[in-house]
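Asks: Note that our numbering numbers the sequence shown so that position 74 is 58, with each residue one more than the last. Glycine included, each C-beta is placed from N, C-alpha and C at the ideal position. In this text, all values refer to a predicted model and were calculated from it rather than measured experimentally. Dumping the structure here so I can ask a few things about it.
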Amino acid sequence: MDIAGSLIGLRDEALARIAQAPDLESLDAVRVAYLGKKGALTAVLRGLKDLPAEERPAVGRVSNEVRDAVEAALAERRAVLERDLLARRIRAEAVDVTLPGRRRPLGRQHIIHQIVDEIVDVFVGLGYRIAEGPEVELDYYNFTALNHPPEHPARAATDTFYVKDQSGGATGAGLESEVLLRTHTSPVQVRVMEKQQPPIYVLAPGKVFRRDVADPSHLPQFTQIEGLVVDEGITFGDLKGTLEHFVREIFGPDRRVRLRPHFFPFTEPSAEVDVSCAMCGGDGCRSCGGEGWLEVLGCGMVDPNVFRYVGIDSERYTGFAFGMGAERIAALKHGIPDLRLLIEGDMRFLRQF
Ligand code: DAH
-15 MDIAGSLIGL RDEALARIAQ APDLESLDAV RVAYLGKKGA LTAVLRGLKD LPAEERPAVG
45 RVSNEVRDAV EAALAERRAV LERDLLARRI RAEAVDVTLP GRRRPLGRQH IIHQIVDEIV
105 DVFVGLGYRI AEGPEVELDY YNFTALNHPP EHPARAATDT FYVKDQSGGA TGAGLESEVL
165 LRTHTSPVQV RVMEKQQPPI YVLAPGKVFR RDVADPSHLP QFTQIEGLVV DEGITFGDLK
225 GTLEHFVREI FGPDRRVRLR PHFFPFTEPS AEVDVSCAMC GGDGCRSCGG EGWLEVLGCG
285 MVDPNVFRYV GIDSERYTGF AFGMGAERIA ALKHGIPDLR LLIEGDMRFL RQF
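Below is the structure:
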């Protein structure tokens, strides 16, 4: 048989299969089929030694040319397939920078904290410091040192959450060592004055607790903001001017302030503060129940009895104090009809602020 002829036939067959190999794996299979240990071309080359000596050089030259041609075609095809593969991978991993981004939901501060921060900013702007006290408080700070007599109704176990009755007896009996959840932020006044001599200008925001059932105007846990000023020559006029500034900053420049005489055990004289209704400007309408005014806070001049408890000389110093509910301020400012909305965590409500 013509060995050179069959070598050429093998070469053409191999080149055709190489040209059609769709990927690197198939290409390698073609290489093994012709040039592998048991490959078709390898078998022919191995048979060379059995040829008559005079035929060997010519057939040897042809077989070398065939092997070189097949190897060159393999290398060329491999380069093409590798380039394709790389191009495909780059296309698959490409990022389309023109795609619009996915918007992540953005959280925000709860409306109660927003209003607390707003009020804090007003008083920090006047030079007040922020003070804090414990939410679990002693009767002494919550009631006694704030001039509440032992039989004061706020001390009743029906009004105040008692944590521990240290006497072993009935709670709410006015024992100074009793532990309770503070019912207002006023005890922070006592703690500040115990530690610091005047001049004192502090604002004390914090949580307070009362045995109330939640309804449109009451929450068993809410937020109060307490103010205390003690200095030489502080008058009721200073208190009124401070509150007018506060009301205008929080509710707007057109709002007016009215003080009504009231009673608190720890201030004398005491007053409740009203702000003119935003809807009617004081004439009376449906939104203010015909009153024209809305109550915003309690205040007064620090009672000399309180100064006595903390060792401040009431002959030399006078002071004023005020306390307000942050939830109530937020409700008045934003027209929220029911305080319970503020604590229910309904996103449809909260997203509005
Ligand atoms: N502690 C009072 C309350 O919870 C509010 C209050 C009234 C605070 C008058 C004051 C004040 O500092 O002077 O009802």
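Taking C-beta to C-beta, are Val280 and Leu325 nearer than 8 angstroms?
Replies: Not closer than 8 angstroms, so no.
Asks: Look at the alpha carbon of Leu243 and the alpha carbon of Arg86, and state the distance between them as a whole number of angstroms.
Replies: When rounded, the distance between both Cα atoms is 53 angstroms.
Asks: Using CA atoms only, rank isn't needed, just tell me which of Leu29, Gly117, Ala53 is closest to Ala42.
Replies: Nearest of Leu29, Gly117, Ala53 to Ala42, Cα basis: Leu29.
Asks: Once the 5 residues before and after Arg175 are set aside, which same chain residues still bring their CB inside 8 angstroms of it?
Replies: For Arg175, where only same-chain residues beyond five positions count, the Cβ hits under 8 angstroms are Ala115, Gly117, Tyr125.
Asks: Ala305: beta carbon under 7 angstroms from a heavy atom of the ligand DAH?
Replies: Under cutoff, so the answer is yes.
Asks: Quick one: is the Cβ of Ser201 within less than 7 angstroms of any heavy atom of the ligand DAH?
Replies: No.
Asks: Determine the DSSP secondary structure at Phe107, reduced to helix, strand or coil.
Replies: Reduced to three states, the DSSP call for Phe107 is helix.
Asks: Tell me whether Lys191 sits in a helix, a strand or coil according to DSSP, three-state version.
Replies: Here Lys191 sits in strand by DSSP.
Asks: What distance in whole Å lies between the Cβ atoms of Val50 and Leu(-6), which are believed to be in contact at a cut-off of 8 angstroms?
Replies: The Cβ separation is near 7 angstroms, so the contact holds.
Asks: For Phe291, name the three-state secondary structure that DSSP assigns.
Replies: Correct three-state label for Phe291: helix.
Asks: At a cut-off of 7 angstroms, would you count His136 as near the ligand DAH, judging by its Cβ distance to the nearest heavy atom?
Replies: No.
Asks: Under three-state DSSP, which class holds Thr169?
Replies: The answer is coil: DSSP assigns Thr169 none of H, G, I, E or B.
Asks: Could you give the DSSP three-state label for Ala305: helix, strand or coil?
Replies: Looking at Ala305 - three-state DSSP - the assignment turns out to be strand.
Asks: Can you give the Cα-Cα distance for Arg62 and Gly91, rounded to whole angstroms?
Replies: Distance between the alpha carbons of Arg62 and Gly91: 55 angstroms.
Asks: Val213 and Glu228 look like a contact to me (Cβ under 8 angstroms); what is the Cβ gap, rounded to whole Å?
Replies: Wrong, their Cβ atoms sit about 15 angstroms apart, outside the cutoff.
Asks: Out of Gly329, Ser298, Asp12, state which residue places its alpha-carbon closest to the alpha-carbon of Glu252.
Replies: It is Ser298.
Asks: Nearest to Phe235 by alpha carbon, out of Gln181, Glu102, Phe291, Glu(-3)?
Replies: Ranking Gln181, Glu102, Phe291, Glu(-3) by Cα distance to Phe235 puts Glu102 first.
Asks: Measure the Cβ-Cβ separation of Glu233 and Val106 and say whether it is below 8 angstroms.
Replies: Their beta carbons are under 8 angstroms apart, which means Glu233 touches Val106 by this criterion.
Asks: Take every Cβ of the stretch 298 to 308, pair it with every Cβ of the stretch 68 to 83, and state whether three or more of those distances are shorter than 8 angstroms.
Replies: Verdict: no, contact absent.
Asks: State the DSSP-derived secondary structure class of Val16, mapped to helix, strand or coil.
Replies: Residue state, collapsed to three classes: helix.
Asks: Shorter than 7 angstroms, the distance from the beta carbon of Gly282 to the closest heavy atom of the ligand DAH, or not?
Replies: At least one heavy atom of the ligand DAH is nearer than 7 angstroms to the Cβ of Gly282, so yes.
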